[in-house]
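Novice:
Protein chains: 4
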Amino acid sequence: MKNKIKYGMIGGGPGAFIGEVHRKAAALDGHLELVAGAFSSSPEMTQKMGEELGLESNRLYDSFEEMAKAEAALPKEQRIDVVTVVTPNHLHFPVCKVFIEQGINVVCDKPMTNTVEEAEELCRLVEKHDIIFALTHNYTGYPMVKEARHLVKSGKLGSLRKIVVEYPQGWLSEPVEEQGNKQAKWRTDPQKAGVSAALADIGTHAENLVEYITGLKIEKLYADTTSFVEGRALEDDANLLVHYEGGVKGILYASQISVGEENPLKIRIYGTEASLEWKQESPNFLSLKYPDRPEEIYKRGNPYLSDAANFGTRVPPGHPEGFIEAFANIYKNVALTIKARKEGNEPGVLAADFPSVLDGLAGVKFIHKAVESGKENRWIDMG
Amino acid sequence: MKNKIKYGMIGGGPGAFIGEVHRKAAALDGHLELVAGAFSSSPEMTQKMGEELGLESNRLYDSFEEMAKAEAALPKEQRIDVVTVVTPNHLHFPVCKVFIEQGINVVCDKPMTNTVEEAEELCRLVEKHDIIFALTHNYTGYPMVKEARHLVKSGKLGSLRKIVVEYPQGWLSEPVEEQGNKQAKWRTDPQKAGVSAALADIGTHAENLVEYITGLKIEKLYADTTSFVEGRALEDDANLLVHYEGGVKGILYASQISVGEENPLKIRIYGTEASLEWKQESPNFLSLKYPDRPEEIYKRGNPYLSDAANFGTRVPPGHPEGFIEAFANIYKNVALTIKARKEGNEPGVLAADFPSVLDGLAGVKFIHKAVESGKENRWIDMG
Amino acid sequence: MKNKIKYGMIGGGPGAFIGEVHRKAAALDGHLELVAGAFSSSPEMTQKMGEELGLESNRLYDSFEEMAKAEAALPKEQRIDVVTVVTPNHLHFPVCKVFIEQGINVVCDKPMTNTVEEAEELCRLVEKHDIIFALTHNYTGYPMVKEARHLVKSGKLGSLRKIVVEYPQGWLSEPVEEQGNKQAKWRTDPQKAGVSAALADIGTHAENLVEYITGLKIEKLYADTTSFVEGRALEDDANLLVHYEGGVKGILYASQISVGEENPLKIRIYGTEASLEWKQESPNFLSLKYPDRPEEIYKRGNPYLSDAANFGTRVPPGHPEGFIEAFANIYKNVALTIKARKEGNEPGVLAADFPSVLDGLAGVKFIHKAVESGKENRWIDMG
Amino acid sequence: MKNKIKYGMIGGGPGAFIGEVHRKAAALDGHLELVAGAFSSSPEMTQKMGEELGLESNRLYDSFEEMAKAEAALPKEQRIDVVTVVTPNHLHFPVCKVFIEQGINVVCDKPMTNTVEEAEELCRLVEKHDIIFALTHNYTGYPMVKEARHLVKSGKLGSLRKIVVEYPQGWLSEPVEEQGNKQAKWRTDPQKAGVSAALADIGTHAENLVEYITGLKIEKLYADTTSFVEGRALEDDANLLVHYEGGVKGILYASQISVGEENPLKIRIYGTEASLEWKQESPNFLSLKYPDRPEEIYKRGNPYLSDAANFGTRVPPGHPEGFIEAFANIYKNVALTIKARKEGNEPGVLAADFPSVLDGLAGVKFIHKAVESGKENRWIDMG
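Dropping the structure here:
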């Protein structure tokens, strides 16, 4: 594509699953082009990755600091429009900071930072430097999640009463961090993952999903957290009672020791008039239940869906879209927003629909408050 | 059938849903025969019901007290072997008491009583009078629930870690108790239902299901209870964190304002080796998930299942059995146990498999502790 | 029940699955009472079965001929109102004949007879003796099948175009008839089963289901029949192209070598406006699909369903009903119809809803035409 | 990527759904780069599309003939490695021919050609010019379809007996070709679509799926074809009886008037030892059923799957992959095969796994034989 948005990547070296997903998601619609990277703390690895990806060698950098400076110094039409941050959690903050300070837009993996202070600092920096910042809470990219949000907003469910959101996984049910699993290693290491494992990795997706669909903020929460696997420093299971604004009650849980579960993130929202249910493992469907008529199954790609849902869809009904397509919806919208800004336009409400630095702050707060509640055995206000 | 077990019924008058279910469940296998009743506090209603059911008029009684006395005075071969108690909750205790004291066996609806003291008193009376007492926690009658129990016992899941059990319903999401719904009326009336609505009606089924399958007792619980419908005195929604023996953690919830939900009671149990899932709305299947091989769907009626599951099955695989069949498994086992005792035999382990007065006590305690926790906002030990 | 309908049974001796199902189905609602039987060609077996069932010994007969005569000779208030015929296929005709000639109502298993001539003869006899005759095409007893029929009749689907009905089973995928499986033995034996195995046993259920729901008669059919298991004389697999009245096209197949399948009888009906789908293995649901709006899941027991569906339901939504309940709906309706006639009334349209001798004739014709088509490799008109 | 495979596109102008899908599929993994095109018979439309896609204007051509010549004349390192043909059916042949004759590799949509003669000619040309030719039978790109093939090959199902494959859609249930639907217009126009609508569009996918998974060729078939919508020249519904090699029997049907259906392509394969089932609308799962043990659900992305399945997977288990990813597997394998050839290597068995010109010929023959059978009402040998 002419006028492709140019992006660089920090992290995502050889073998890193999530970097690969970001690259595919960015490539899918042809809006973005990868042109620079510091894929690893090892310059050799960065070279290797860059070659594999066909990047120019002068756009491969030994460190993210070097890259930020060098890219910012390039002529505007050459330099990256946006950087993607896919490092382990503890590096999100310094990497984002340095690029934001150079005025470069950012796409960052969640959780945004390891501390609330860092998250607040990023909020300030984003505002100060007026850059575009997106957080890859990718589940909100699914068209039927967007439809769910539309239905809630439109009043289809009536007043909300109860929300049950769950994210059980099984991949940490054994001490795989001691058996060579690299991702498990850093995700269970407080030095890299921060104060939390399960809550930071997947609990925050659940929390964000609720807020995205309902717009409701958590008022207070009570967390029952456990490290089931012996010797693990961080929680691998967390069960939460949640009170949202407006008297809405909920359950939220995240678990990585739920053996046999893959990624069945699921949300059920109950209102006075109707309820809805969505499951990540069959993401093209959305169930609506009523007190007095048959359950309805909304299906992706149909004309009866909202613009919000259909803006994020690529193939006709009955041809499944999946995880990468949802992920790509964040990249597509970021690209459209950057393009609009470059052309001096507003991006439009559909393109502007991606998780922001404020969602990132909410997520980091959620993680910290939940961990605190789990340690102190009491309700914690979100403040 | 010759030598049918004769039973009487207290409650279950015209229009009472649950009485009708009990009669069908008792009739299904031909082991029992209804011969007496005090179906209503109104003698006219009892007469009407008795006629409709074809009972002899001298076996229709104006009150349960009269019936207990009169039946006990009949010659052994004529009098009822067992009485079924299907009144609103507050009458369970006095009715059970009077029949037990006459040495008559009892089948009683849950929750067993409205107070813990009454429940304890029934335990003492059952022991003292050495009668057979069954509580209709009917969901434990499903063959695949029995299979689940067998699998847990046999170690298939390894050591248990986490249990998620949920029972959402939607039928009380409006104030139907003020709109002529009789069952809603008494179930939300503290005078009749006791201290609880949702927990007593369905939460206790969830609690019993866990204990039946896993054998685990609750050590302590934390309940977040709400009355969503204005003016309702008792809770219509309850979300619980639960700690079981042996470090097992769990979530249990019961809701009657989850609009659009019918009866999707569901349990998921996670061990170190495997997990299982069972849903009441498709009760003929049981899912087993593993860390390293395909999910398995166990199906009712197959030779590869345990004796416990197959003892409670009537038709071949692929021909669904439902709610009444599960209910009938309690009646069948009670009948076989009574027959065995009449013949001086032990009933055998398969026939002896029905919920007991001790399950009833556990349930009543659970309800009270959960309500207490909900009111006091703290963890409560089950004591 | 006072005024219970008294019935006798031919066949259904010890170990016979289907006799047991009939007895449970008849018992469920309390309308019928088993009082007589010739359960086996062996008088000893009949004695044994009768004792087990608690029947009076003078109502146990050495042969069906003896029973027909003796029962007919009893005073009206003592003798059976109806006889249930659950023998292997080849005995259906002689047994039905002798009871009809005595003016006794009949419930008969399908297929009704082994030849078309016999089926026609039964039609004549039923008319001549003016008795009530029901065939146990039990799948039409499911409430959601009745709803499907209601929806088609009411025009919800528009004009019908296409019907796909399938009934795959796997239980005959090995030569189990040579390995001691009694039911397999007679079902694959032309002397007892007639000209067909799979078509007679289950294909005819599929055919009847279509006609029950749509009212459409087959105009012509083309069958591709196979005996996959070596040495088996009758077909164990049949794939049919079907042309119905009014230009409706269809596929119908029955298979007993579809290994791993239990009883997933399924029907899909496509009209100009909407389509529906129902599966026997999850019988409490009915799916409606539209060109321009979400799929709807109709669920048993809800007020939004037709009277036809709700007349055949016993427990609230979300509490599954199964195979025995569907079966029991035939017995219930037969009992209500007999009662009405005894009282000189019409039974009412809901009670009159059970498969008739004409359905039996249609089924036998279907089997024979399909077998003929399979042998001659050509379209056969139903005539 | 450096060394990206360069491709051009014929067809796929503004608003063409399938061209867009091809571009996304080609982009996903970063192996290919679109550099040239003749997107429309209208040069203006080609310009517009080319600009939108950011192509160099000297690589936008007024006709496919011009493009073939011009590209072939470019230096090797500049010219396209492969051309993608996404025109209506009738142009597949002339377009493919001209590019093959220039020695340019081809990816072509199905059905390959409108006549058997053309298909045979393409086979000859591909061989003569020794080019790489891929047909986008995209459903064979799904990892779980590859797993199905692996399981059949490995003998897991025993000897095959029966295959049921179905592809119902509803989008042509109204005469939308007269209501402005462009795709419907050419697909129902014999001048463009050839002798068939439903069979050519989707029936051939079903046929290819069977052959891909089982390796079985059709020996003969019997088709019952219908044009339900008045005035439609080509069939919109086709029900087939199929005999495969080795005595395997089957049903195959394709329908575009099955109202409410989206794309539930489904295949069930029954062997002597086990059976399998796969549905396109939930493509990440594969069901295996056995005579004597629980059903198994194989899930995409797991280590227990075959190399063939895992080579075609991008994200971890539980994160759905969909239609575009399956489509992309064809492009990925074509790209790897072209790369290998350019480097003088063999592509390896996993990369070589994409539908070939021979699959294209089989498909065209299938369509013609089925149409012929439908017209002549007789079995047709595949010859």
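Residue numbers (my numbering), protein chains in the order written: chain R, 108 to 490; chain F, 108 to 490; chain U, 108 to 490; chain L, 108 to 490.
Positions of the beta carbon are idealized from the N, C-alpha and C atoms, including for glycine.
1. Taking 8 Å as the limit between beta carbons, can you name the residues of its chain near Q290 (chain L), skipping five residues before and five after?
2. Does P390 (chain L) come within less than 8 Å of chain R when only Cβ atoms are used?
3. Would a C-beta distance cut-off of 8 Å place F146 (chain L) and G157 (chain L) closer than the cut-off?
4. Please state whether the Cβ-Cβ distance between G429 (chain L) and E369 (chain R) is less than 8 Å.
5. Looking at the structure shown, is W385 (chain R) part of a helix, part of a strand, or coil, going by DSSP?
6. Under three-state DSSP, which class holds D466 (chain U)?
7. Please classify Y397 (chain L): does DSSP put it in a helix, a strand, or coil?
8. On the three-pair Cβ rule with 8 Å, is the stretch 377–385 of chain U touching the stretch 329–336 of chain U?
9. In the DSSP assignment, what residue or residues form a beta bridge with G115 (chain F)?
10. For P275 (chain U), report the span of its alpha helix (DSSP H) as first-last.
11. Give, in chain order, every residue of the stretch 419–443 of chain R whose Cβ lies closer than 8 Å to some Cβ of chain L.
12. Are the C-beta of N370 (chain R) and some C-beta of chain L separated by less than 8 Å?
13. Let me see if you follow: with CB-CB separation under 8 Å, is G137 (chain L) close to chain R or not?
14. With V441 (chain U) and V202 (chain U) assumed to form a contact (beta carbons below 8 Å), what rounded beta-carbon distance in angstroms separates them?
15. Which value, in whole angstroms, describes the spacing of the CA atoms of Y329 (chain U) and I487 (chain U)?
16. Along chain L, in chain order, which residues have C-beta atoms closer than 7 Å to that of F335 (chain U)?
17. Within 10 Å of its beta-carbon, does G144 (chain F) have 16 or more other beta-carbons around it, so buried, or fewer, so exposed?
18. Check distances from the C-beta atoms of the stretch 351–379 of chain L to those of chain F and list, in chain order, the residues that come in under 9 Å.
19. Does DSSP put L359 (chain U) in a helix, a strand or coil?
20. Taking a Cβ distance cut-off of 8 Å, strictly less, list which residues of the stretch 244–257 of chain R are near chain U, in chain order.
21. According to DSSP, A241 (chain L) sits in a beta bridge with which residue or residues?
22. Verify the CB distance criterion: does D488 (chain U) have a CB-CB separation below 8 Å to chain F?
23. Nearest to K406 (chain F) by CA position, among F:V205, F:P250, F:T243, is which residue?
24. When the cut-off is 8 Å and only beta carbons count, does K446 (chain F) lie next to chain U?
25. Considering only their Cβ atoms, is the gap separating Y377 (chain U) from V283 (chain L) smaller than 8 Å?
26. With distances taken between CB atoms, is the gap from N221 (chain L) to G301 (chain L) smaller than 8 Å?
27. For V464 (chain U), is the classification buried or exposed, using 16 other Cβ atoms within 10 angstroms of its Cβ as the cut-off for buried?
28. Measuring only between beta-carbons, confirm whether L348 (chain R) sits less than 8 Å from chain F.
29. What residue range does the alpha helix (DSSP H) around G126 (chain L) cover?
30. Could you check the C-alpha separation between G118 (chain F) and M219 (chain F) for me, to the nearest Å?
31. Can you tell me where the beta strand (DSSP E) holding L328 (chain F) begins and where it ends?
32. Could you give the DSSP three-state label for L412 (chain U): helix, strand or coil?
33. Between the alpha carbons of A180 (chain U) and R186 (chain U), how many angstroms are there, rounded?
34. Is Q154 (chain L) near L141 (chain L), with beta carbons less than 8 Å apart?
35. Would you mind sorting K269 (chain L) into buried or exposed? The rule is 16 or more other CB atoms within 10 Å of its CB.
36. Which chain R residues are close to R407 (chain U), counting only those with a beta carbon under 7 Å from its beta carbon?
Specialist: Taking the coordinates as given:
1. F124
2. yes
3. yes
4. no
5. strand
6. helix
7. coil
8. no
9. F:A143, F:V190
10. Not the alpha helix (DSSP H): P275 (chain U) falls in the beta strand (DSSP E), residues 267–275.
11. R421, V422, P423, P424, G425, H426, P427, E428, G429, F430, I431, E432
12. yes
13. yes
14. Going by Cβ atoms, the distance from V441 (chain U) to V202 (chain U) rounds to 17 Å, so no, they are not a contact pair.
15. 7 Å
16. R268
17. buried
18. none
19. strand
20. none
21. L:V214
22. no
23. F:P250
24. no
25. no
26. yes
27. buried
28. yes
29. 124–135
30. 15 Å
31. 325–333
32. coil
33. 8 Å
34. no
35. buried
36. Neighbours of R407 (chain U) on chain R: none; closest Cβ ~11 Å, over 7 Å.
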